[in-house]
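K.L.:
Okay, so the sequence shown: first residue is 8 according to my numbering, each after it adds one. Even for Gly, the Cβ is constructed at its ideal location relative to N, Cα and C. Attaching a single structure in structure tokens format; questions to follow.
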Amino acid sequence: MRCLLALFVLLPALGVAQTLQTPYEASGGTQTATYAESIAWYQALAAAHPNRVVLTEIGMTDVGQPLHLVVVSNDGIAAPDDPRLRGRTVFLVNNGIHPGEPEGIDASMLLARDLAQGKHPEWLAQTVLLIVPVFNVGGALNRGPYSRANQNGPAAYGFRGNARNLDLNRDFIKQDSRNAQSLIYGGFTQWRPHLFLDNHTTNGADYPPAMTLIHSQRSKLAPALRSWFVDTLVAQLYARHEALGHPLNPYYNPRYDQAEGGIVEFNDSPRYSTGFAALQNCPGLVAEAHMLKPFAERVAATRRLMEVLLEVLAQQGPRLRAMREAVDAERPTRHVVAWALDTTRVDSIRFYGYPARQKPSAIHGQPRTYYDRAAPWARSVPYWAHYRPTAEVAVPQAYIIPQAWGEVIERLWRSGVGLQRLKTDTTLEVTVYYLRQYQTAQRPYEGHYLHYSAQPEPKTERLTYRAGDYLAYTDQPTWRVLVETLEPQGPDSYFSWGFFDSILQQKEYFSDYLWEDTAADLLATDPDLRRRFEAAKAADSTLAQTPRAQLNWLYRNSPYYEPTAYRYPIGRLERKP
């Protein structure tokens with residue numbers, strides 16, 4: 008009802024019924040559409056062109072407003088179960104993840120109107136375009152002119168944090184927000200996109216191009232997708248923009264202080280939108296319009312990038328779909344869950360820059376950096392695009408997840424992981440981890456105290472699981488989601504994010520004066536225990552000199568010590584039961 012009321016207010020002011028003019032256009036390119044304006048405008052577009060545009064709701068957001076999805080096609084496809092979708096390339100575009108970076112909101116409206124009015128029908132001959140008008144609705148409603156201090160317009164815009172002050176581009180794998188939950192299930196799982204684009208604005212350095220590009224880190228993609236994505240799609244994006252007179256820059260992620268020293272390909276772990284997309288066998292791109300260019304120039308650059316992507320997909324779509332189908336069927340036996348930059352492998356990439364120079368600060372008098380726009384340069388710079396594995400695991404036949412861990416199960420289900428429930432209590436031989444060695448961040452990050460440097464101790468045990476516990480087999484297209492979330496060494500595993508913290512606390516202890524007698528009896532009746540105890544003291548002088556430590560050692564090596572302490576609850580089935 009609120010959106011309909013907004014529509015009735017907006018139509019007369021903008022003449023939407025006749026022209027479908029956007030708020031951006033009505034302002035002369037100085038304003039970005041508000042959340043209410045954008046939804047009302049898409050409602051008008053869908054009403055005017057029902058055979059090409061469908062506006063749907065795919066869930067709720069943290070601020071209590073729905074998350075919308077716009078479906079643009081040549082023939083009115085409205086839902087992911089439409090049989091006409093078979094044989095089409097699905098291209099998902101996300102806008103307003105950081106609403107202070109709004110170019111995609113307005114550029115997508117202009118593009119959708121062109122397509123709805125029948126322009127470039129060849130782009131949608133085999134492609135369906137999905138548009139999220141505004142992902143971070145709460146942030147979009149928190150509107151003002153000041154939160155992006157280094158940005159050149161628009162006159163007002165939204166805020167980076169959502170209604171829970173979460174950065175939604177850190178929330179894809181952990182799914183704390185209802186925004187992420189809705190997009191992942193309603194966008195990724197139901198529609199299974201072949202290509203993903205997230206529209207942003209840069210922070211940082213100054214340089215001539217209006218658009219910079221991040222793409223899925225190549226090491227994270229299956230080899231077949233990696234080759235096509237980097238060597239064909241990304242290469243064509245750079246070449247076509249160069250031919251249009253609007254060259255792209257790679258994302259400004261210098262290894263040293265400035266671009267002249269070289270650029271590092273961004274390591275997009277699954278917390279990020281493109282990193283999560285890679286787990287779904289969906290290559291991802293981030294458009295980073297340059298913050299210092301006028302807003303209208305940034306909107307034009309974002310629109311141009313989407314148009315070039317549609318042109319490329321019109322030609323390359325069949326190849327992408329075939330590769331995706333093949334990759335979905337792959338079942339590797341090993342998988343890398345953590346990476347570090349490989350500094351021994353250096354490529355090169357063309358970069359357009361301004362020299363960084365120094366001058367006295369008008370505030371503190373010390374040297375400060377500025378970019379000299381009078382001396383632009385363009386040349387190849389070193390490009391570190393490869394990462395080396397730092398943690399690799401064998402892929403099991405299945406994982407077993409006790410039903411007690413509902414938050415984890417829900418996230419896996421929303422991410423498209425197929426789950427089966429045990430019908431009866433079942434005893435299985437599984438590999439389990441004990442997590443006694445790890446480190447924890449001292450400050451919260453996105454609502455969590457992250458763990459890192461986990462060193463799991465694997466053991467084979469026979470454990471009884473209950474009727475209703477979940478089996479997740481790895482012979483499914485979303486096996487990467489399973490491995491990267493459930494293997495604790497990964498930087499974005501659910502252990503790293505703290506979803507299993509309750510296992511990291513021993514529940515029962517002993518009183519020294521009572522345990523003294525019990526421990527003495529154990530040593531008197533168990534020669535093997537006494538032998539191991541003496542060996543431990545001989546090897547550890549601190550243990551040998553600390554009475555409490557000796558009592559604790561005996562407790563931990565006795566039948567009284569709880570067997571579940573620090574035992575990770577996820578079981579690995581190395582063979583199918």
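1. So, for T433: in the same chain, excluding its five sequence neighbours on each side, which residues have a beta-carbon less than 6 Å away from its beta-carbon?
2. List the residues that DSSP assigns as beta-bridge partners of Q449.
3. Quick check on D183: buried or exposed, where buried means 16 or more other Cβ atoms within 10 Å of its Cβ?
4. Does the stretch 193-209 come into contact with the stretch 490-507, if we say contact requires no fewer than three beta-carbon pairs (one atom in each stretch) closer than 8 Å?
5. Less than 8 Å between the C-beta atoms of Y406 and L292, yes or no?
6. Would you list the one or two residues that DSSP bridges to M116?
7. Under the three-state reduction of DSSP, which class applies to L17: helix, strand or coil?
8. Between which residues of its own chain and E337 is the CB-CB distance below 7 Å, once the five residues before and five after are set aside?
9. Could you name the residues that DSSP lists as bridge partners for L136?
10. May I have a chain-ordered list of the alpha helix (DSSP H) segments no shorter than 4 residues that lie completely inside the stretch 263-351?
11. Count the other CB atoms within 10 Å of the CB of P290; is the residue buried (16 or more) or exposed (fewer)?
12. Let me know if E588 comes out buried or exposed under the rule of 16 or more other beta-carbons within 10 Å of its beta-carbon.
13. Can you tell me whether E249 is buried or exposed, with buried defined as 16 or more other CB within 10 angstroms of its CB?
14. Taking W384 as part of the beta strand (DSSP E), name the residues at either end of that continuous run.
15. Tell me whether F203 sits in a helix, a strand or coil according to DSSP, three-state version.
16. Suppose you measure from the CA of G83 to the CA of L419; what does that come to, to the nearest Å?
17. Where does K466 fall in DSSP's three states?
18. Going by alpha carbons, who is nearest to E417 out of Q462, E453 and D476?
19. Distance check for A296 and Q72, CA to CA, integer angstroms please.
20. Let me know if A333 comes out buried or exposed under the rule of 16 or more other beta-carbons within 10 Å of its beta-carbon.
21. In angstroms with no decimal places, state the Cα-to-Cα distance between S80 and L118.
22. Among the residues of its own chain, which have a CB less than 6 Å from the CB of T7, if the five just before and after it don't count?
23. With distances taken from CA atoms, which of G107, D88 and P566 is nearest Y42?
24. If we count Cβ pairs, one from each stretch, closer than 8 Å, do we get three or more for the stretch 314-324 versus the stretch 212-225?
25. With a CB to CB cut of under 8 Å and the five nearest residues on each side skipped, what residues in its chain are close to C10?
26. Measure how close the beta-carbons of V402 and T492 come, nearest whole angstrom, since I'm counting them as under 8 Å.
27. How far does the alpha helix (DSSP H) with A156 in it extend, from its first residue to its last?
28. Please confirm whether A162 and G103 have their CB atoms less than 8 Å apart.
29. Once DSSP output is grouped into helix, strand and coil, what is the label at F507?
30. Check whether the stretch 519-526 and the stretch 553-565 touch, using three or more Cβ-Cβ pairs below 8 Å as the test.
31. Does V353 pass the burial test, meaning 16 or more other C-beta atoms within 10 Å, or should it be called exposed?
32. If I measure Cβ to Cβ from V70 and keep anything under 8 Å in the same chain, skipping five residues before and after, which residues do I get?
33. Threshold first: 4 residues or longer. Then list the alpha helix (DSSP H) segments lying entirely within the stretch 528-552, N to C.
34. From the DSSP output, which residues share a beta bridge with I221?
35. In the DSSP output, which residue or residues are listed as bridge partners for D354?
36. In chain order, what residues of the same chain lie with their CB nearer than 7 Å to the CB of F273, ignoring the 5 residues before and after it?
P.N.:
In brief:
1. Position 426 of the sequence shown, counted from the start, is the residue given in the question as residue 433. Same-chain partners within the cutoff: Y472.
2. Within the sequence shown, residue 449 is the residue found at index 442, counting from 1. BP columns for Q449 are empty, so no partner.
3. Residue 183 sits at position 176 when you count from the first residue of the sequence shown. Answer is buried; the Cβ neighbour count reaches 16.
4. no
5. Taking the first residue of the sequence shown as 1, we reach residue 406 at position 399. Taking the first residue of the sequence shown as 1, we reach residue 292 at position 285. Contact flag unset, no.
6. Taking the sequence shown and counting its residues from 1, one reaches residue 116 at position 109. Answer is none; M116 lacks a bridge partner.
7. Position 10 of the sequence shown, counted from the first residue, corresponds to residue 17. Note that L17 has pLDDT 48, beneath the 50 cutoff, so the model's placement of it is unreliable and the number below is only indicative. Reduced to three states, the DSSP call for L17 is helix.
8. Within the sequence shown, numbered from 1, the residue matching residue 337 stands at position 330. Excluding positions up to five away in sequence, the list reads A229.
9. Here residue 136 corresponds to residue number 129 of the sequence shown, with the count starting at 1. Partner(s): V79 and F98.
10. 280-286 and 302-335
11. Along the sequence shown, read from residue 1 onward, the residue named residue 290 stands at position 283. The residue in question, P290, is buried, as its Cβ has 16 or more Cβ neighbours within 10 Å.
12. For the chain, the structure presents residues 8 to 584; residue 588 sits outside this window and is missing.
13. The residue labelled residue 249 in the question sits at position 242 within the sequence shown. Result: exposed.
14. In the sequence shown, the residue the question calls residue 384 occupies position 377. Where W384 is concerned, the enclosing beta strand (DSSP E) stretches over W384 to W391.
15. Sequence index remark: in the sequence shown, residue 203 carries index 196 (1-based). Looking at F203 - three-state DSSP - the assignment turns out to be strand.
16. Counting from 1 along the sequence shown, the entry for residue 83 is found at position 76. Counting from 1 along the sequence shown, the entry for residue 419 is found at position 412. Straight-line Cα distance between these residues: approximately 31 Å.
17. Within the sequence shown, residue 466 is the residue found at index 459, counting from 1. Residue state, collapsed to three classes: strand.
18. Counted from its first residue, the sequence shown places residue 417 at position 410. Comparing Cα-Cα distances from E417 to each of Q462, E453 and D476, the minimum goes to D476.
19. Residue 72 sits at position 65 when you count from the first residue of the sequence shown. Residue 296 sits at position 289 when you count from the first residue of the sequence shown. Their Cα atoms are separated by approximately 27 Å.
20. Sequence index remark: in the sequence shown, residue 333 carries index 326 (1-based). With fewer than 16 Cβ atoms within 10 Å of its Cβ, A333 is classed as exposed.
21. Taking the first residue of the sequence shown as 1, we reach residue 80 at position 73. Taking the first residue of the sequence shown as 1, we reach residue 118 at position 111. For S80 and L118, the distance between alpha carbons rounds to 12 Å.
22. Because residue 7 is not part of the residues shown, which for the chain are 8 to 584, the question remains open.
23. Counting from one through the sequence shown, the residue named residue 42 turns up at place 35. That would be G107, whose Cα lies nearest to the Cα of Y42.
24. no
25. To locate residue 10, count along the sequence shown from 1; it is residue 3. Below a pLDDT of 50, predicted positions are generally treated as unreliable, and C10, at 46, falls in that range; the measurement from the model is reported next regardless. These residues qualify, in order along the chain: A43, I46, A47 and Q50.
26. By one-based count along the sequence shown, residue 402 stands at place 395. By one-based count along the sequence shown, residue 492 stands at place 485. At roughly 13 Å, the Cβ-Cβ gap does not stay under 8 Å, so V402 and T492 are not in contact.
27. In the sequence shown, the residue the question calls residue 156 occupies position 149. That residue, A156, is in no alpha helix (DSSP H); it is neither H nor E in DSSP.
28. Within the sequence shown, numbered from 1, the residue matching residue 162 stands at position 155. Within the sequence shown, numbered from 1, the residue matching residue 103 stands at position 96. No, the Cβ-Cβ distance between A162 and G103 is not below 8 Å.
29. Here residue 507 refers to the residue found at position 500 when the sequence shown is read from its first residue. Looking at F507 - three-state DSSP - the assignment turns out to be coil, as it is neither helix nor strand.
30. yes
31. Position 346 of the sequence shown, counting from 1, holds the residue named residue 353. It counts as exposed.
32. Counted from its first residue, the sequence shown places residue 70 at position 63. Answer for V70: V144, G145, L148, N169 and A170, listed in chain order.
33. 534-546 and 548-552
34. Counting from one through the sequence shown, the residue named residue 221 turns up at place 214. For I221, which the question treats as bridged, DSSP gives the partners V293.
35. As a first step, residue 354 is located in the sequence shown; it is residue number 347 there, counting from the start. Answer by DSSP bridge pairing, in chain order: Y390.
36. Position 266 of the sequence shown, counting from 1, holds the residue named residue 273. Once the five neighbours on either side are set aside, the close Cβ partners of F273 are I221, Q224, Y258 and N260.
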